[in-house]
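Heads up: the structure comes next, in C-alpha coordinates.
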Amino acid sequence: MKRILLAEDDHDLGVSLKNYLVLHGFEVFWAKDGEEAYRQFLVKTYDIGVLDVMMPKMDGFTLAKKISKQQPMIPFIFLTAKNEKESKIEGLKLGADDYIVKPFDVEELVLRLHNIIKRTTQQKSLQISSHIPAEHIVLGSYTFMPHQLELQSPTQTYKLTQKETDLIYFLYLHKNSLIPREEILQKNWNKTDFFTGRSMDVFISRIRKYFKEDQSIAINSIRGIGLEFIVE
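Mapping the sequence shown onto the working numbering, position 123 (from 1) lands on 199, and the numbers just tick up by one.
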(Lines of atoms letter the chains of each structure in order from A and count residues from 1; the text may use other names and numbers.)
(Lines give C-alpha, C1' and ligand atoms only; values in the text may rest on other atoms or scores of the structure.)
Protein backbone atom coordinates (compact mmCIF):
# COMPACT_ATOMS: atom_id res chain seq x y z
CA MET A 1 0.00 0.00 0.00
CA LYS A 2 1.47 3.36 -1.07
CA ARG A 3 1.65 6.06 1.59
CA ILE A 4 0.70 9.69 0.83
CA LEU A 5 1.58 12.77 2.86
CA LEU A 6 -1.36 15.12 2.26
CA ALA A 7 -0.94 18.74 3.39
CA GLU A 8 -4.13 20.80 2.94
CA ASP A 9 -5.46 23.51 5.26
CA ASP A 10 -9.00 23.55 3.83
CA HIS A 11 -10.91 21.23 6.20
CA ASP A 12 -13.66 20.13 3.80
CA LEU A 13 -11.24 19.48 0.94
CA GLY A 14 -8.81 17.68 3.23
CA VAL A 15 -11.48 15.33 4.56
CA SER A 16 -12.80 14.68 1.07
CA LEU A 17 -9.37 13.98 -0.43
CA LYS A 18 -8.26 11.72 2.41
CA ASN A 19 -11.45 9.61 2.30
CA TYR A 20 -11.38 9.31 -1.49
CA LEU A 21 -7.71 8.32 -1.59
CA VAL A 22 -8.18 5.74 1.19
CA LEU A 23 -11.06 4.23 -0.82
CA HIS A 24 -8.66 3.90 -3.75
CA GLY A 25 -6.15 1.88 -1.74
CA PHE A 26 -3.75 4.53 -0.44
CA GLU A 27 -2.59 5.03 3.12
CA VAL A 28 -2.98 8.75 3.83
CA PHE A 29 -1.78 11.06 6.57
CA TRP A 30 -3.54 14.43 6.39
CA ALA A 31 -1.84 17.47 7.92
CA LYS A 32 -3.66 20.79 8.21
CA ASP A 33 -0.56 22.99 7.98
CA GLY A 34 3.03 22.77 6.75
CA GLU A 35 4.66 22.39 10.14
CA GLU A 36 2.40 19.48 11.11
CA ALA A 37 3.16 17.83 7.75
CA TYR A 38 6.91 18.17 8.28
CA ARG A 39 6.72 16.73 11.81
CA GLN A 40 4.84 13.74 10.43
CA PHE A 41 7.36 13.29 7.61
CA LEU A 42 10.17 13.01 10.17
CA VAL A 43 8.59 9.95 11.82
CA LYS A 44 7.35 8.03 8.76
CA THR A 45 8.42 7.28 5.19
CA TYR A 46 6.14 8.44 2.36
CA ASP A 47 5.94 7.50 -1.32
CA ILE A 48 4.64 10.89 -2.47
CA GLY A 49 3.61 14.28 -1.12
CA VAL A 50 0.42 16.07 -2.15
CA LEU A 51 0.97 19.61 -0.91
CA ASP A 52 -1.21 22.69 -0.94
CA VAL A 53 0.87 25.73 -1.89
CA MET A 54 -0.76 28.29 0.42
CA MET A 55 -0.89 26.97 4.00
CA PRO A 56 -0.46 28.50 7.47
CA LYS A 57 2.83 28.17 9.40
CA MET A 58 4.74 26.77 6.39
CA ASP A 59 3.80 26.99 2.69
CA GLY A 60 3.96 24.02 0.36
CA PHE A 61 7.10 25.16 -1.46
CA THR A 62 9.06 25.59 1.77
CA LEU A 63 7.79 22.23 3.00
CA ALA A 64 8.91 20.53 -0.23
CA LYS A 65 12.40 22.04 0.08
CA LYS A 66 12.78 20.78 3.66
CA ILE A 67 11.52 17.30 2.79
CA SER A 68 13.75 17.03 -0.30
CA LYS A 69 16.85 17.71 1.80
CA GLN A 70 16.01 14.61 3.87
CA GLN A 71 14.55 12.39 1.11
CA PRO A 72 15.73 13.54 -2.36
CA MET A 73 13.76 10.90 -4.28
CA ILE A 74 10.26 11.74 -3.02
CA PRO A 75 7.95 13.15 -5.73
CA PHE A 76 5.46 15.98 -5.17
CA ILE A 77 2.14 17.14 -6.55
CA PHE A 78 1.32 20.76 -5.70
CA LEU A 79 -2.28 21.87 -5.19
CA THR A 80 -3.13 25.54 -5.57
CA ALA A 81 -5.97 27.96 -6.12
CA LYS A 82 -3.55 30.19 -8.01
CA ASN A 83 -3.36 29.87 -11.77
CA GLU A 84 -0.37 32.17 -11.94
CA LYS A 85 2.68 31.63 -14.11
CA GLU A 86 5.07 32.63 -11.30
CA SER A 87 3.58 30.07 -8.91
CA LYS A 88 3.90 27.27 -11.44
CA ILE A 89 7.48 28.20 -12.24
CA GLU A 90 8.36 28.12 -8.52
CA GLY A 91 6.96 24.60 -8.33
CA LEU A 92 8.92 23.57 -11.40
CA LYS A 93 12.13 24.90 -9.87
CA LEU A 94 11.56 22.52 -6.98
CA GLY A 95 11.22 19.63 -9.42
CA ALA A 96 7.46 19.25 -9.04
CA ASP A 97 6.19 16.10 -10.68
CA ASP A 98 2.77 17.66 -11.22
CA TYR A 99 0.79 20.80 -10.51
CA ILE A 100 -3.00 20.88 -10.14
CA VAL A 101 -5.10 24.04 -10.01
CA LYS A 102 -8.21 24.02 -7.81
CA PRO A 103 -10.95 23.09 -8.36
CA PHE A 104 -9.98 19.74 -9.87
CA ASP A 105 -11.42 16.30 -10.52
CA VAL A 106 -10.35 13.95 -7.71
CA GLU A 107 -10.32 11.02 -10.15
CA GLU A 108 -7.73 12.92 -12.19
CA LEU A 109 -5.61 13.31 -9.05
CA VAL A 110 -5.78 9.56 -8.42
CA LEU A 111 -4.71 8.85 -12.00
CA ARG A 112 -1.77 11.23 -11.70
CA LEU A 113 -0.76 9.69 -8.39
CA HIS A 114 -0.68 6.21 -9.91
CA ASN A 115 1.34 7.41 -12.91
CA ILE A 116 3.91 9.28 -10.82
CA ILE A 117 4.34 6.46 -8.30
CA LYS A 118 4.76 3.96 -11.14
CA ARG A 119 7.36 6.16 -12.84
CA THR A 120 9.22 6.79 -9.59
CA THR A 121 9.30 3.09 -8.79
CA GLN A 122 10.74 2.35 -12.24
CA GLN A 123 13.39 5.04 -11.77
CA LYS A 124 14.40 3.62 -8.39
CA SER A 125 14.71 0.16 -9.95
CA LEU A 126 16.86 1.59 -12.73
CA GLN A 127 19.03 3.43 -10.23
CA ILE A 128 19.96 0.23 -8.37
CA SER A 129 20.07 -2.01 -11.44
CA SER A 130 23.09 -3.20 -13.35
CA HIS A 131 22.42 -0.49 -15.96
CA ILE A 132 23.99 2.05 -13.62
CA PRO A 133 27.48 0.93 -12.65
CA ALA A 134 28.45 0.85 -9.01
CA GLU A 135 31.84 2.41 -9.72
CA HIS A 136 32.45 6.13 -10.04
CA ILE A 137 32.17 7.82 -13.44
CA VAL A 138 34.84 10.35 -14.39
CA LEU A 139 33.65 13.37 -16.36
CA GLY A 140 36.54 15.72 -17.00
CA SER A 141 37.76 16.89 -13.60
CA TYR A 142 34.51 15.71 -11.96
CA THR A 143 33.64 12.39 -10.35
CA PHE A 144 30.00 11.28 -10.67
CA MET A 145 28.74 8.73 -8.12
CA PRO A 146 25.18 7.81 -9.11
CA HIS A 147 24.55 5.31 -6.33
CA GLN A 148 25.59 7.87 -3.72
CA LEU A 149 23.62 10.66 -5.45
CA GLU A 150 26.79 12.75 -5.50
CA LEU A 151 28.84 14.79 -7.96
CA GLN A 152 32.35 15.82 -6.91
CA SER A 153 33.95 18.89 -8.48
CA PRO A 154 37.57 19.91 -7.90
CA THR A 155 36.42 22.10 -4.99
CA GLN A 156 33.20 20.65 -3.55
CA THR A 157 30.73 17.78 -3.42
CA TYR A 158 27.16 18.29 -4.66
CA LYS A 159 24.37 16.24 -3.08
CA LEU A 160 22.03 15.42 -5.96
CA THR A 161 18.35 14.66 -6.10
CA GLN A 162 17.30 11.43 -7.76
CA LYS A 163 16.03 13.34 -10.80
CA GLU A 164 19.35 15.20 -11.15
CA THR A 165 21.20 11.89 -10.89
CA ASP A 166 19.00 10.26 -13.53
CA LEU A 167 19.46 13.19 -15.91
CA ILE A 168 23.23 13.37 -15.52
CA TYR A 169 23.49 9.63 -16.12
CA PHE A 170 21.22 9.90 -19.15
CA LEU A 171 23.39 12.71 -20.54
CA TYR A 172 26.50 10.66 -19.83
CA LEU A 173 25.12 7.74 -21.85
CA HIS A 174 24.57 10.10 -24.79
CA LYS A 175 27.61 12.34 -24.37
CA ASN A 176 29.09 14.08 -27.41
CA SER A 177 25.96 13.50 -29.48
CA LEU A 178 22.76 15.41 -30.21
CA ILE A 179 19.89 14.24 -27.98
CA PRO A 180 16.37 15.16 -29.19
CA ARG A 181 14.43 17.16 -26.63
CA GLU A 182 11.40 14.88 -26.83
CA GLU A 183 13.58 11.83 -26.17
CA ILE A 184 14.95 13.40 -22.99
CA LEU A 185 11.44 14.24 -21.79
CA GLN A 186 9.96 10.85 -22.69
CA LYS A 187 12.79 8.83 -21.14
CA ASN A 188 12.97 10.84 -17.91
CA TRP A 189 9.40 12.11 -17.37
CA ASN A 190 7.26 9.87 -19.60
CA LYS A 191 5.52 12.96 -21.01
CA THR A 192 6.35 15.85 -23.32
CA ASP A 193 3.92 18.65 -22.44
CA PHE A 194 4.86 22.33 -22.04
CA PHE A 195 5.18 22.43 -18.25
CA THR A 196 7.23 19.23 -18.18
CA GLY A 197 9.51 20.87 -20.72
CA ARG A 198 9.90 23.88 -18.43
CA SER A 199 10.71 21.56 -15.54
CA MET A 200 13.42 19.92 -17.65
CA ASP A 201 14.86 23.35 -18.51
CA VAL A 202 15.13 24.15 -14.79
CA PHE A 203 16.99 20.90 -14.10
CA ILE A 204 19.35 21.39 -17.04
CA SER A 205 20.14 24.93 -15.89
CA ARG A 206 20.96 23.61 -12.42
CA ILE A 207 23.19 20.84 -13.81
CA ARG A 208 25.05 23.36 -15.98
CA LYS A 209 25.94 25.29 -12.82
CA TYR A 210 27.31 22.13 -11.21
CA PHE A 211 29.77 21.66 -14.11
CA LYS A 212 30.84 25.31 -14.36
CA GLU A 213 34.31 24.66 -12.90
CA ASP A 214 35.42 22.61 -15.92
CA GLN A 215 35.52 24.40 -19.28
CA SER A 216 35.89 21.06 -21.10
CA ILE A 217 32.32 20.12 -20.11
CA ALA A 218 29.32 21.85 -21.67
CA ILE A 219 25.59 21.31 -22.11
CA ASN A 220 24.64 23.03 -25.35
CA SER A 221 21.01 23.76 -26.22
CA ILE A 222 20.16 23.45 -29.91
CA ARG A 223 17.02 25.57 -30.24
CA GLY A 224 14.00 23.57 -31.26
CA ILE A 225 15.97 20.31 -31.50
CA GLY A 226 17.62 19.16 -28.30
CA LEU A 227 20.81 19.10 -26.24
CA GLU A 228 24.45 18.15 -26.55
CA PHE A 229 26.43 17.01 -23.51
CA ILE A 230 30.02 17.71 -24.51
CA VAL A 231 32.83 16.08 -22.53
CA GLU A 232 36.27 16.62 -24.07
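Here a beta-carbon is modelled for each residue, glycine too, at the ideal position from N, C-alpha and C. Everything numeric in this text was worked out from a predicted model, so none of it was measured.
- For L236, the secondary structure class from DSSP, reduced to helix, strand or coil, is coil.
- Going by DSSP, Y286 is part of the alpha helix (DSSP H) stretching over F270 to Y286.
- The Cβ atoms of V104 and V98 sit closer than 7 Å to each other.
- The C-alpha of V126 lies about 42 Å from the C-alpha of E308.
- Within the DSSP secondary-structure output, A140 pairs in no beta bridge.
- Cβ-Cβ separation between K141 and T156: approximately 16 Å, too far for a contact (criterion under 8 Å).
- Using a C-beta cut-off of 8 Å, the segment 209-225 makes no contact with the segment 181-196, since fewer than three inter-stretch Cβ pairs fall below that distance.
- In the three-state DSSP reduction, D174 falls in the strand class (E or B).
- When DSSP reads this structure, A107 sits in a beta bridge with A83.
- Taking all protein chains shown into account, V129 has 16 or more neighbouring C-beta atoms within 10 Å of its C-beta and is therefore buried.
- In this structure, L261 places its C-beta atom within 7 Å of the C-beta atom of M276.
- Around Y96, the same chain offers V182 as residues with beta carbons nearer than 7 Å, after the five sequence neighbours per side are excluded.
- By DSSP's assignment, S297 forms a beta bridge with L303.
- Ranked by how close their Cα comes to the Cα of Y122, the residues M131, H100 and F152 have F152 in first place.
- If you check the CB distance, F287 and L243 do not come in under 7 Å.
- Leaving aside the five residues that flank R257 on each side, the residues in its chain whose CB is nearer than 6 Å to its CB run, in chain order, G302.
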